[in-house]
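Add 118 to the 1-based position in the sequence shown for my numbering, that's all there is to it.
Glycine included, each C-beta is placed from N, C-alpha and C at the ideal position.
Since the structure is predicted, the reported quantities are computational estimates derived from the model, not experimental observations.
Heads up, the thing below is written out as structure tokens.
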Amino acid sequence: MAISVIMVFFKVKYSSFNPKTATPTSGSTHKVKFFEERIFLTGAHKAEDISGPDYLIRGGIVPHHLFAGEIISDFFKRLSFQKISTIILIGPNHYEKGDFKVLGSSYNWETPHGVVNPDKMLIEKLTDDNLMRIDETILPEDHAVSGLIPYVKYYLPEAKIVPILIKGDFSEKESEVLASSLKNLIHERVVVVAAVDFSHYLNSFEAKEKDRTTEKVMREFDYRNLYALNNDYLDSPPSIGILLKLMQKLNSTNSELLFNTNSGEMQKNNTIETTSYFSVLYYRSS
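In structure tokens, the structure reads:
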């Protein structure tokens with residue numbers, strides 16, 4: 119499905135951060151560094167008329183490339199019809215920094231729409247079980263999850279977050295352990311989101327070919343081939359692997375594909391280097 123990006127301003131509900139009305143929990147605060155206001159406003163306008171799904175969303179896949187703001191807004195608007203208490207955001211550690219394969223943050227996050235608080239109970243459980251380590255220097259400098267936090271605040275103003283970065287060498291076995299632990303920690307008001315971009319640097323036609331392979335691998339829960347894919351296909355097989363394993367454990371393997379496109383297709387230019395995008399919702403199987 120091809121969509122276009124129009125860089126104009128619309129009159130949509132939007133409020134700048136006001137420290138007098140923000141209500142952070144105790145602790146330090148990161149200021150979100152990755153935010154594209156014009157793209158956000160365009161996406162928010164286009165998402166205004168979206169209605170909620172007729173199923174309970176348990177997980178999803180969404181881009182973290184902010185150029186795809188329309189897709190991101192569409193995704194989080196659909197989540198906004200549920201009473202969600204916590205969003206677990208899982209994405210790639212782009213720069214492979216840090217001394218642990220799974221990094222998190224326990225700080226508050228200041229966004230243009232207000233402050234997002236961490237789910238300290240979930241974060242402390244993951245760190246106590248040595249499944250994740252806190253690193254407050256790396257997460258704010260990586261757009262993989264921090265760039266989506268303004269969308270969380272806008273569409274789910276009461277939700278808390280668990281931001282997680284995953285290194286590229288996180289194995290299928292390690293993903294299984296983390297997914298099993300998350301399954302025992304979450305309830306139906308917690309949604310797990312893999313913030314992942316797909317085919318990189320290829321032209322639109324090549325990206326579409328790679329996406330067909332990736333879509334089949336994800337649809338069939340084919341972990342052997344998933345973990346063998348490189349950046350031509352996606353930037354974080356472990357993030358997708360953790361999500362898919364968790365959806366299986368939650369009996370939530372039904373899915374709705376909302377978007378599969380790429381930046382070249384969105385700009386109507388099939389010759390430029392692209393990044394491709396999937397937006398998918400997962401819900402309970404019958």
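Go ahead and label residue i buried or exposed: buried means 16 or more other beta carbons lie within 10 angstroms of its beta carbon, across all protein chains shown.
i	result
I124	Because I124 sits at a pLDDT of 34, beneath the cut-off of 50, its placement in the model cannot be relied upon, and the following sentence gives the value as read from the coordinates. It counts as exposed.
E254	exposed
G382	buried
A277	buried
E166	exposed
N302	exposed
I'd like the list of long-range same chain contacts for residue i, defined as Cβ closer than 6 angstroms, with 5 residues on each side in sequence excluded.
i	result
S325	In the sequence as displayed, the identity of residue 325 is Ala instead of Ser. Closer than 6 angstroms at Cβ, skipping near neighbours: S317, N380, T392, S394.
T319	Here residue 319 turns out to be Tyr, not Thr, going by the sequence shown. If we look at Y319 and ignore the five residues flanking it on each side, its Cβ neighbours are E391.
F288	K219, P356
H183	D315, T393
T139	At T139, the pLDDT of 36 sits below 50, so the modelled position is not reliable and the matter cannot be decided from this model.
Y269	I190, F194
K386	none
According to DSSP, what are the bridge partners of residue i?
i	result
F316	L352
I175	Y401
N321	Answer is none; N321 lacks a bridge partner.
K149	E228
So, at 8 angstroms on beta carbons, what are the nonlocal neighbours of residue i in its own chain, with the 5 sequence-adjacent residues on each side left out?
i	result
R402	Y173, L174, R176, L368, N369, S370, N372
L274	F194, L197, S198, I202, I205
D340	K334
K328	F316, S317, L320, D350, Y351, S394
So, for residue i: in the same chain, excluding its five sequence neighbours on each side, which residues have a beta-carbon less than 7 angstroms away from its beta-carbon?
i	result
M365	R176, G177, T371, Y400
G187	E154, I157, F158, T160, G161
V150	W227, E228, T229, S264, I267, P268
K271	T229, H231, G232, V234
### Query
Does the pairing of the stretch 357–368 with the stretch 307–315 give three or more beta-carbon distances under 8 angstroms?
yes
### Task
Any chance you could list the alpha helix (DSSP H) runs of at least 4 consecutive residues sitting entirely within the stretch 339–370, in chain order?
341–344, 355–367
### Task
Decide yes or no for the touch test of the stretch 301–309 against the stretch 249–264: beta carbon pairs closer than 8 angstroms, at least 3 of them.
no
### Message
Count Cβ pairs between the stretch 286–305 and the stretch 257–267 that sit closer than 8 angstroms; are there 3 or more?
### Response
no
### Complete runs of the beta strand (DSSP E) confined to the stretch 193–274 [at least 3 residues]
204–210, 220–222, 226–229, 232–234
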